[in-house]
Amino acid sequence: MTLTTKLLGASAAVALSAGAAMADPALIFDLGGKFDKSFNEAAYNGALRWAEETGGSFNEVELQSEAQREQALRRFAESGANPIVMAGFAFGTALGEVAADYPDTKFAIIDMVVDAPNVRSVVFNEHEGSYLVGMLAAMASESDTVGFIGGMDIPLIRKFGCGYAQGVQAVNADATVIANMTGTTPAAWNDPVKGSELTLAQISQGADVVYAAAGGTGVGVLQTAADNGILSIGVDSNQNYMHPGQVLTSMLKRVDNAVYDAFVAGTDLETGFNVMGVGNGGVGYALDEFNAELITAEMQAAVDEAAAAIASGELTVHDYTSDESCPAISF
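At position 5 of the sequence shown the residue is numbered 75 (this note's numbering), and the sequence of numbers has no breaks.
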């Protein structure tokens, strides 16, 4: 089956002419690039799966600056692209300005809620998936000290870290969780050098498992962990393959499913608020040939039991964003 995509550079998005993409869906990546091996790449994989299954084509653009968010949305809407999916909370303000001007266009935003009749807002229970990988980290750790490295210091990323710490402490109440954020600007998503530096600092404090929730910055975390003989945990996409036998697992955030589902629905996309968690396959952990030797049957059974308890409501993982506090760690 032939796959056709219409790739628009940041400058080309400005010049997109009306009628150029009638009825094709569109995907706008967040800063960091679509091949960040994490969040953006997960979004791309969802679009790619739709294209391969249907033979359809889609438009895509990688932004180079914050200023291009609203511009790209308007140009795609003017072109007739429908639906338009954007990967990342940072599109919230721009979409709030644009959606009302194109009432016949459906939009889907990931990681943010925009209250408009033509918008689907998709959010994830990242704290649930992070709890599961936190359990695995605690079971794998020999030093009783594990680390968390976030990207941009925002409530969403603290949500990852808080869930992780809760999972660690559920297994080992005496474990130490070291947490660092990469920065306070969007540049924090694409700074593998800083990710490496933070990893080395956590190793010096005794961490032997480090979880990265930092987009492209996480590439530096995983590489440095592997170079120094400790385990790492990937995020969003399955990153186990990047360092076989040295990535304990990856916290799967099924951004690919969110994009795929939106593209499948097309102009019939149901709008409103959508939550993807453990119970509906929105988040989980990765187990494959690259980490199978690291996850024992006992570890898998314990985590699967916890996942079932979360799905049934028997186990509740505290969501940092509900009150901007965490019972298991201080940021």
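Built from N, CA and C at the ideal position, the CB exists for glycine as well.
Handout entry: Burial state of Asp185 (16 or more Cβ within 10 Å)
Key = exposed
Practice task
Under 8 Å by Cβ, that's how I've got Val325 and Gly290 pegged, so tell me the actual separation to the nearest angstrom.
Solution key: Contact flag wrong, Cβ pair sits at about 21 Å.
Handout entry: Distance CB(Asp214)-CB(Thr246) smaller than 8 Å
Key = yes
Handout entry: Cross-strand partners of Met321 (DSSP beta bridge)
Key = Val305 and Tyr355
Exercise for the section: Thinking Leu357 and Thr319 are a contact (beta carbons under 8 Å), I'd like their distance in whole angstroms, please. Expected result: 7 Å
Problem - Three or more C-beta pairs below 8 Å linking the stretch 253 to 260 and the stretch 232 to 243 - result: no
Practice task
Report yes if the C-beta distance between Ala207 and Val193 is below 8 Å; otherwise report no.
Solution key: no
Practice task
Look at the Cβ atom of Lys104, then the Cβ atom of Tyr114, and state whether they are nearer than 8 Å.
Solution key: yes
Practice task
Could you tell me whether the Cβ atoms of Val407 and Leu322 are closer together than 8 Å?
Solution key: A question about residue 407 goes unanswered here, because the residues of the chain that appear run from 71 up to 401.
Problem - CB contact flag (Gly70, Gly299, <8 Å) - result: This structure gives no information on residue 70, because the portion of the chain shown stretches from 71 to 401.
Practice task
With DSSP collapsed to three states, give me the class of Val216.
Solution key: strand
Exercise for the section: Under 8 Å by Cβ, that's how I've got Ala170 and Val329 pegged, so tell me the actual separation to the nearest angstrom. Expected result: Not confirmed; about 23 Å, so no contact.
Exercise for the section: Can you say whether Phe343 is buried or exposed, counting buried as having 16 or more other CB atoms within 10 angstroms of its CB? Expected result: exposed
Problem - Other residues of its chain near Asp389: CB distance less than 7 Å, five sequence neighbours each side excluded - result: The residues are His197 and Lys229.
Practice task
Using three-state DSSP, classify Ser135 as helix, strand or coil.
Solution key: Assignment of Ser135 by DSSP, reduced to helix, strand and coil, places it in the coil class.
Handout entry: For Ala151 and Tyr172, the rounded distance between their alpha carbons
Key = So the two alpha carbons sit approximately 11 Å from each other.
Practice task
Mark Glu130 as exposed unless 16 or more other C-beta atoms lie within 10 angstroms of its C-beta, in which case mark it buried.
Solution key: Counting the other CB atoms within 10 Å of its CB gives Glu130 a total of 16 or more, which places it among the buried residues.
Practice task
Determine which residues share a DSSP beta bridge with Arg190 and list them.
Solution key: Ala178 and Gly342
Exercise for the section: Determine the extent of the beta strand (DSSP E) in which Thr163 is found, giving its start and end residues. Expected result: Note, Thr163: premise wrong, no beta strand (DSSP E); alpha helix (DSSP H) at Gly162 to Val168.
Handout entry: C-beta contact flag for Glu140 and Glu167 at 8 Å
Key = yes
Handout entry: Backbone secondary structure at Met92 - three-state DSSP
Key = At Met92 the pLDDT is 47, less than 50, meaning the model places this residue with poor confidence; the figure from the coordinates comes in the next sentence. Note: Met92 maps to coil in three-state DSSP.
Handout entry: Neighbour-count burial assignment, Thr252, 16 or more Cβ in a 10 Å radius
Key = Residue environment analysis places Thr252 among the buried positions, since at least 16 neighbouring C-beta atoms fall within 10 angstroms of its C-beta.
Problem - Bridge partner(s) assigned by DSSP for Phe99 - result: Glu132
Practice task
Quick one: give me the first and last residue of the beta strand (DSSP E) that Asn250 is part of.
Solution key: Thr246 to Gly253
Problem - Nearest to His313 (by Cα), restricted to the options Ile273, Val189, Asn327 and Ala295 - result: Ala295
Exercise for the section: Work out the CA separation of Asn310 and Asn361 for me, nearest whole Å. Expected result: Asn361 and Asn310: Cα-Cα distance of roughly 7 Å.
Handout entry: Proximity to Ala283 [Cα-Cα], best of Ile180, Ile219 and Ser302
Key = Ile219
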